[in-house]
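Before any comments, here is the structure.
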Amino acid sequence: MRDLLIGVNYLHSNGLAHTELRLEKLHISPIDRHVKVGILGNAANFNDCIPDDNKLDSNMDRRKMMIAFDMRCLGFIMAKMVLRDLMDPMIFAKFKAFLSKGNEPSCLREFLMHIVNRNPSPENVGFQILDRNWGAGWNLLSLLLATKSSQKISCLDALRHPFLCGPRWRVDPTMDMIRWSLGSTAVRITEEYIYGRQQRRRIAYFIELMEMLNPHSKPRSWLEMLPGKWRLLYSTGRHIGLTFRQPSTRILVGDVHLNITKLSKLHATFSIKSDIGFKVMLGQDWPHDKTGASGKLEINSLSKLRAGRRLYIKEETSTKISSATPDIRDSILEKLSSKKWRKTIPIKEFPSSLPVAKLVPSDVNISMSLDEPLTRNVATAQDVIREVRTQVPPEIFDLSKIVCGTYVDSRLLVLRSVDGSALLFTRSLVNEDD
Numbered sequence: 001m002r003d004l005l006i007g008v009n010y011l012h013s014n015g016l017a018h019t020e021l022r023l024e025k026l027h028i029s030p031i032d033r034h035v036k037v038g039i040l041g042n043a044a045n046f047n048d049c050i051p052d053d054n055k056l057d058s059n060m061d062r063r064k065m066m067i068a069f070d071m072r073c074l075g076f077i078m079a080k081m082v083l084r085d086l087m088d089p090m091i092f093a094k095f096k097a098f099l100s101k102g103n104e105p106s107c108l109r110e111f112l113m114h115i116v117n118r119n120p121s122p123e124n125v126g127f128q129i130l131d132r133n134w135g136a137g138w139n140l141l142s143l144l145l146a147t148k149s150s151q152k153i154s155c156l157d158a159l160r161h162p163f164l165c166g167p168r169w170r171v172d173p174t175m176d177m178i179r180w181s182l183g184s185t186a187v188r189i190t191e192e193y194i195y196g197r198q199q200r201r202r203i204a205y206f207i208e209l210m211e212m213l214n215p216h217s218k219p220r221s222w223l224e225m226l227p228g229k230w231r232l233l234y235s236t237g238r239h240i241g242l243t244f245r246q247p248s249t250r251i252l253v254g255d256v257h258l259n260i261t262k263l264s265k266l267h268a269t270f271s272i273k274s275d276i277g278f279k280v281m282l283g284q285d286w287p288h289d290k291t292g293a294s295g296k297l298e299i300n301s302l303s304k305l306r307a308g309r310r311l312y313i314k315e316e317t318s319t320k321i322s323s324a325t326p327d328i329r330d331s332i333l334e335k336l337s338s339k340k341w342r343k344t345i346p347i348k349e350f351p352s353s354l355p356v357a358k359l360v361p362s363d364v365n366i367s368m369s370l371d372e373p374l375t376r377n378v379a380t381a382q383d384v385i386r387e388v389r390t391q392v393p394p395e396i397f398d399l400s401k402i403v404c405g406t407y408v409d410s411r412l413l414v415l416r417s418v419d420g421s422a423l424l425f426t427r428s429l430v431n432e433d434d
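Following UniProt numbering, the numbering of the sequence shown begins with 1 at its first residue and continues without gaps.
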């Protein structure tokens, strides 16, 4: 990939654009074994007009557009080289359709998890490569495939990217790269599904860091970033699973989504709907194939968006209650004060408050649908609701408990509830069946 970027950068620096970069047009030199860019018959010149014809602005726009097209082609080549499943024309067509619909390239990992082999990421070598160095490969791929030409990365910046530099060349990460690394690490920890005390503490630690580095603190930014479909990854609140208890009704909860729609009403800013999919397995024993009657629980609510602040109450040392684990904020401040983080994030003390997007919810409406043969059994429906409420975080079932948003970007969202627990979401697809 570095050889390819060096060759394309040579073309761009000499006023040329390849315009037809494809994996089939790359060659490996038999002499030095480096990748070469071949077949320049369709190369275009940026400077196709003289300076006196008043077309300098249009010529500059043409230059940016042609460079952006080459960078997008490099993104397709990188995706095919790393993810071998994209060599399949059918899968690659879905990959290109996802981008042509205007979806965020930063959500590619969430999308590809559904179409590439249908396997979890640890079993896919391509996912392992892109997940290295805190998800640096996914960050570079999203920058190459950015929708807007102004958001695309240049060849020189791509050569300095942590994914291509690796441990051999040390580079100082940008603030965007730090945010990306924190979010990617939190997502990877949630996928391990080993929620011990140390792991839960580590996830809460990364969420607190993300909130301190929130790039969109004003409500105006939340109006643009918040609408969409979000999948619940983790909750720092109470976890009640099925390991150490025998539920009265066997419920297997699937994906939990939060659908947020922007409204043009005076009394409401957003329409928030949580979708909880689950399966009901009748009988006292769990079936091996985990089959059962499907069900869906929907909770709807309207919410207003206001500017607010999250206050951190700093207690005196003498009045603190002794705990077996130290405060997470103290460990964050100690980490940020270290020599490694001090150059990038100059924070001397933990802030007393942080700006947040305050959510003012209204009444909550709940509806549930069950497949046969459970539709006519009221007692079973009540047991199902009780068991779903036990397994799902209470903020998802009662949307009025969500009071503010503390972090949002193109792929991740953090919401806080009344009791202070955090909900971590990742942006999902609007229609996963497409």
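Backbone N, C-alpha and C define an ideal beta-carbon position, used for all residues, glycine too.
| Item | Value |
| --- | --- |
| Beta-bridge pairing of residue 281 - partner residues as DSSP gives them | 250 |
| Contact with chain C by residue 276, beta-carbon distance below 8 Å | Structure shown: chain C not included; a single protein chain is present. |
| Boundaries of the beta strand (DSSP E) in which residue 289 is found, first to last residue | Here residue 289 belongs to no beta strand (DSSP E), and DSSP marks it neither H nor E. |
| Residue 146 and residue 70 closer than 8 Å at C-beta | no |
| Buried or exposed by the 16-neighbour rule on C-beta atoms within 10 Å, applied to residue 97 | exposed |
| Secondary structure of residue 106, DSSP reduced to three states | helix |
| Span of the beta strand (DSSP E) around residue 294 | 293-311 |
| Whole-Å CB distance - residue 308 paired with residue 358, under 8 Å assumed | 3 Å |
| Cβ-based burial, residue 401 [other Cβ within 10 Å; buried from 16] | buried |
| Identified DSSP bridge partners for residue 234 | 424 |
| Terminal residues of the alpha helix (DSSP H) in which residue 175 lies | 175-192 |
| Neighbourhood of residue 462 by C-beta distance below 6 Å, restricted to the same chain and skipping five residues each side | Outside the modelled stretch of the chain, which goes from 1 to 434, sits residue 462, for which no answer is possible. |
| Alpha-carbon spacing of residue 207 relative to residue 36, whole angstroms | 43 Å |
| Separation of residue 253 from residue 247, as counted between CA atoms | 13 Å |
| The beta strand (DSSP E) enclosing residue 27, as first and last residue numbers | 26-28 |
| Under 8 Å between C-beta atoms of residue 106 and residue 142 | yes |
| Coarse secondary structure for residue 85, derived from DSSP in three states | helix |
| Run of the alpha helix (DSSP H) containing residue 437, from where it starts to where it stops | Missing from the structure shown is residue 437; the chain here goes from 1 to 434 and no further. |
| For residue 280 and residue 251, believed in contact at Cβ under 8 Å, the rounded distance | 6 Å |
| Sequence ranges, alpha helix (DSSP H) only - wholly within the stretch 129-170, length at least 4 | 155-159 and 162-165 |
| Expected contact under 8 Å - CB spacing of residue 276 and residue 297 to nearest Å | 4 Å |
| Backbone CA spacing between residue 109 and residue 79 [nearest angstrom] | 11 Å |
| Per-residue DSSP class, three states only, for residue 317 | Caution is warranted here: a pLDDT of 43 is assigned to residue 317, below 50, making its placement in the model unreliable, and no coordinate value can be reported. |
| Nearest-angstrom Cβ-Cβ length linking residue 230 and residue 426, presumed shorter than 8 Å | 7 Å |
| Complete alpha helix (DSSP H) runs within the stretch 192-220 (minimum length 4 residues, chain order) | 197-212 |
| Minimum C-alpha distance to residue 460 - residue among 384, 390 and 153 | Absent from the structure is residue 460, since the part of the chain shown begins at 1 and ends at 434. |
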